[in-house]
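**Student:** Sequence lines, in order, name chains A and B.
So the first sequence is numbered by this note's numbering: it starts at 1094 and just counts up by one.
So the second sequence is numbered by this note's numbering: it starts at 154 and just counts up by one.
Please find one structure pasted underneath; my questions will follow.
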Amino acid sequence: GIQVEQSPPDLILQEGANSTLRCNFSDSVNNLQWFHQNPWGQLINLFYIPSGTKQNGRLSATTVATERYSLLYISSSQTTDSGVYFCAVSDAGGTSYGKLTFGQGTILTVHP
Amino acid sequence: KAGVTQTPRYLIKTRGQQVTLSCSPISGHRSVSWYQQTPGQGLQFLFEYFSETQRNKGNFPGRFSGRQFSNSRSEMNVSTLELGDSALYLCASSLGGLAGYTQYFGPGTRLLVL
């Protein structure tokens, strides 16, 4: 099956700093989503981005499908950005639309 | 529009028992997927239902089963619980297929097996 690797596994920042999270995937995808998991376990949908670039406030994401990677940018980080960020994909074959394969996540800690 | 809801939110069971978890998708969504999250294995796909049919299945034993009703609500059942089944169970809904792939997650059910 498709493999998803996220880096770095851990990231510690001071408030106001910028960061880049990376997601590499091993095959063509028809779905790529970035999520933020809050301390209560809820997965918050950040972006649906199988290709191209999107921005939402201080967050932006870019997926280069031909090179099989995606980047999540967080600018001017705040303590509320702390948590685990997941990249998840579904492969482009057959009817895998509803089956997401998750990376292991990046644990982000933002200190005041 | 209301989000994905899951019940119950917390559950404590003993080994050998069975459990049923419920998921109500966003109105209009026809696809419901289930995931298990544990510290050791991370987030793993269990199965997906679309229009009452199981469309995809992950690598879990037959003790894990599910179903979807005509109103798109879904249930998953775990029989003969084992200690290793302790996990956060997450459900997600989407429009499904070409209509939209974006998955929206519920708050999860925390299951503890003693």
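Using N, Cα and C, we set each Cβ at its ideal position, and we do this for glycine too.
Tell me which residues of the segment 235 to 255 of chain B have at least one Cβ-Cβ distance to chain A shorter than 8 Å, keeping chain order.
**Tutor:** Leu241, Leu243, Ala245, Ser247, Gly249, Gly250, Tyr254 and Thr255
**Student:** Output the boundary residues of the beta strand (DSSP E) element that contains Leu1106 of chain A.
**Tutor:** Position 13 of the first sequence, counting from 1, holds the residue named residue 1106 of chain A. From DSSP, the beta strand (DSSP E) with Leu1106 of chain A extends over Asp1103 to Gln1107.
**Student:** Buried or exposed: where does Thr191 of chain B fall if 16 or more other Cβ atoms within 10 Å of its Cβ makes it buried?
**Tutor:** Within the second sequence, residue 191 of chain B is the residue found at index 38, counting from 1. By the neighbour-count definition (other C-beta atoms within 10 Å, threshold 16), Thr191 of chain B is an exposed residue.
**Student:** Assign Phe222 of chain B to one of two classes, buried (16 or more other C-beta atoms within 10 Å of its C-beta) or exposed (fewer than that).
**Tutor:** One-based indexing of the second sequence puts residue 222 of chain B at position 69. So Phe222 of chain B ends up on the exposed side.
**Student:** Cα separation between Val1157 of chain A and Gln1171 of chain A?
**Tutor:** In the first sequence, the residue the question calls residue 1157 of chain A occupies position 64. In the first sequence, the residue the question calls residue 1171 of chain A occupies position 78. Distance between the alpha carbons of Val1157 of chain A and Gln1171 of chain A is about 27 Å.
**Student:** Assuming Trp1127 of chain A is part of the beta strand (DSSP E), what are its boundary residues?
**Tutor:** Walking along the first sequence from the start, residue 1127 of chain A turns up at place 34. Segment Val1122 to Gln1130, the beta strand (DSSP E) holding Trp1127 of chain A.
**Student:** Where are the beta strand (DSSP E) runs, 3 residues long or more, that stay fully inside the segment 192 to 267 of chain B, in chain order?
**Tutor:** 195 to 203, 206 to 210, 217 to 221, 227 to 231, 240 to 247 and 262 to 266
**Student:** Among A:Gly1176, A:Gly1145 and A:Leu1165, which one has its Cα closest to the Cα of Cys1208 of chain A?
**Tutor:** Outside the shown range of chain A, which is 1094 to 1205, sits residue 1208 of chain A, and nothing can be said about it.
**Student:** For Ala1181 of chain A, report the span of its beta strand (DSSP E) as first-last.
**Tutor:** For the purposes of this step, residue 1181 of chain A is taken as the residue at position 88 of the first sequence. Unbroken beta strand (DSSP E) run through Ala1181 of chain A: Gly1176 to Asp1184.
**Student:** Does the distance from the C-beta atom of Leu1114 of chain A to that of Gln1099 of chain A stay below 8 Å?
**Tutor:** Here the question's residue 1114 of chain A lines up with position 21 in the first sequence. Here the question's residue 1099 of chain A lines up with position 6 in the first sequence. Yes.
**Student:** Using only CA atoms, which one of B:Gln170, B:Pro178 and B:Thr167 lies nearest to Val157 of chain B?
**Tutor:** As a working mapping, residue 157 of chain B is identified with position 4 in the second sequence. Closest option to Val157 of chain B, Cα to Cα, is B:Pro178.
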